[in-house]
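Right, one structure below, let's go through it.
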Amino acid sequence: MPLVTVLPILQPLLLAFAALFSKPQQRHFDNYIQGLIVQDHRRTLAGMSRHVLDGPDASAWDRFVTTAPWELPALNDRWRALLRRELRRLKPQGKQIGGKQTDFLLFDDTHHLRTGQHLEGTGYHWVHTDGRTQWSHSLVLGAYRTGDYTFAYSCTPYLREADVARLNAVREPENLRREPRKRRPLWTFHSKVDQVVAQIEAFQPLRSDRAVFVLMDSWYLNQRIVRAARQKNLDWCSCLKSNRVVELLDLSLETGEVRQRIRLTVQELLEQLAPTALLGQPGVPCPWAAPLPAWQTVEAEGRTFRALAYRARREGIGVVQLVLVQERYRSGRWSPVIALATNRLDLTAGEVVSVYLERWGIEVVIRDAKQHLGLTDCQMERLEGTVRHWIFSLLSQALLTLLRLQADQGQLRTPSGQAVASVGRTLGEVRQFVKGCALVELLRWASEQTALGRSVEEMAAALGLPA
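So in our numbering, spot 29 of the sequence shown is number 44, and the numbers just go up one at a time.
Written out as structure tokens, the structure is:
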């Protein structure tokens, strides 16, 4: 799809970043974001740049995303400030948890398989879905979910310590031969846990009237992340691995007295469920540790679950509510039991299940960014270029979600002033709406060119199209 101008539907959002760039850089930024959203082909620098009217060649875009002197932290700060402003202006309805409007801060990591052996930041990372290590880039992603809207919020590359040492060993002598202003940063190693802790510590509430839950998978549940969440007054919820040790408690919430306790692994607890669960009437092992010693049927997101809650303690984390959950499939069978843990002892088992289901939002963000916005498409030798491309792809996801929110709140209009009732519910549908807007601008440009007396062949040549 040829891009002939900055799309009016996107321009107010893109202008929010104008102070970060020079005028040439702003043009690159606008066209890069629009190229990620509108183009259907693989999002390489050459592929996107050739579809911009009077646009630069791929080498200019390469310099923009790898060496141009604009600050990535400043872009991230502006991105979050824009999101905070729009959420406070549009006021989307949140999810009701424990009688309070609640938003969610989600964390996960994802791998991008690579083929080049000389791409900075690549290494052998363990890919759980394949059960083996693969040569890839890896990033740790944060997302913010409010109501039915999930926004990409933060993104940092993950490098193994050995890979960082190798990268710095190459960069250090190279930097000594450069002028100080042209030197490249030496990367400091941070584990996945370090990165999530840093992102939680830097988190600023986007809406003052909302409680916030941190949601993560079992890999991230540890003392440091829980402590970071507690210091920011954030609640948390996660699943538990089967080999984790828990101490079930007969706990009085009024006095804090522990009347009885037993120490066992999650797997040992699940094995006590198995003999009766197979019959469809699961029993309740250790009923003295369950506030309500019976399985409860829960309806959430149009799905049926049964859940059993316990009071428990995790070493280094403290007292938690442990909820065992099964889902009923359409065939009538029950899924394997999953163990969830949260610091909120006051929630019902159904509310805990409902909270954890919100974590799926970050899986959707990752999937959409890969399928619709070229998150994994662009391979660049410099790690800075790869990270900036990731940020642009995820920023595009956040901007499309803001368009959807604006339309749902009746705040979005076409260039002619017509109100937009809806742009769809999925990111793919919103993207199709923006592509339609790009087509309208292309038709408007063609009409103007015709009025100036230009032939179809001349217009095709200007757009780089065969005629």
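Glycine is no exception: its CB is placed at the ideal position from the N, C-alpha and C atoms.
Note that the structure is a prediction, hence the values are computed from the model and not measured.
Straight-line measurement puts the Cα of I353 at about 30 Å from the Cα of S151.
A direct Cα-to-Cα measurement between H66 and E456 gives close to 14 Å. DSSP, read as helix, strand or coil, puts C252 in strand. In this structure, DSSP gives I24 a state outside helix and strand, which the three-state scheme calls coil. A distance below 8 Å separates the beta carbons of F79 and Q40.
Of the other Cβ atoms in all chains shown, fewer than 16 fall within 10 Å of the Cβ of K38; this residue is therefore exposed. In the three-state reduction of the DSSP assignment, D45 falls in the helix class, which pools H, G and I.
Membership of M231 in the beta strand (DSSP E) is indicated by the continuous run 226–231. It is roughly 20 Å from the alpha-carbon of P195 to the alpha-carbon of G400. When C-beta atoms of the segment 139–148 are compared with those of the segment 157–171, fewer than three pairs fall below 8 Å, so the two segments do not count as touching.
Here W234 carries a helix assignment [DSSP, helix/strand/coil]. Between the C-alpha atoms of T137 and E330 there is a straight-line separation of about 35 Å.
Straight-line measurement puts the Cα of R104 at about 36 Å from the Cα of D69.
Short of 7 Å from the beta carbon of R428, and not among the five residues preceding or following it, lie these beta carbons of its own chain, in chain order: A434, V435. Going by DSSP, P188 is part of the alpha helix (DSSP H) stretching over 176–191. Taken through DSSP and simplified to helix, strand or coil, H127 comes out as strand.
Take the alpha-carbon of W234 and the one of V261: they are about 16 Å apart. Counting only the Cα atoms, L285 lies some 11 Å from N258. In the DSSP assignment, no residue is bridged to T401.
Counting C-beta atoms within 10 angstroms of its own C-beta, L418 has 16 or more neighbours from the protein chains shown and is therefore classed as buried. Under the DSSP definition of a beta bridge, S169 partners with G157. For E216, same chain residues with a beta-carbon under 8 Å away, outside a window of 5 residues either side, are A243, Q246, K247 in chain order. About 6 Å separates the beta carbon of L98 from that of F166, a gap short enough to meet the 8 Å contact definition.
Taking each of Q341, P27, A177 in turn and checking the Cα distance to L288, the smallest one comes out for Q341. Per the coordinates, the alpha-carbon of E272 lies some 8 Å from the alpha-carbon of D265. Proximity to L201 across A304, N358, P188, V208 peaks at P188, based on C-alpha coordinates. Here D72 is exposed. Its C-beta has fewer than 16 other C-beta atoms within 10 Å. With contacts defined as CB atoms closer than 8 Å, H126 and Q149 qualify as a contacting pair. Your pair G131 and Q394 checks out as a contact, with CB atoms roughly 6 Å apart and the cut at 8 Å. In the three-state reduction of the DSSP assignment, T312 falls in the strand class, which pools E and B.
Looking at the DSSP output, L263 shares a beta bridge with I277, A327. Burial state of V185 is exposed, judged by a 10 Å Cβ sphere holding fewer than 16 other Cβ atoms. Ranked by how close their Cα comes to the Cα of P306, the residues L268, I277, R278 have L268 in first place. In terms of Cα proximity to P430, the closest of V19, L18, T20, I24 is I24.
Classified as buried, T357 has 16 or more neighbouring CB atoms from the shown chains inside 10 Å of its CB. If you compare the alpha carbons of A213, C252, Q219 with that of M231, the shortest gap goes to C252.
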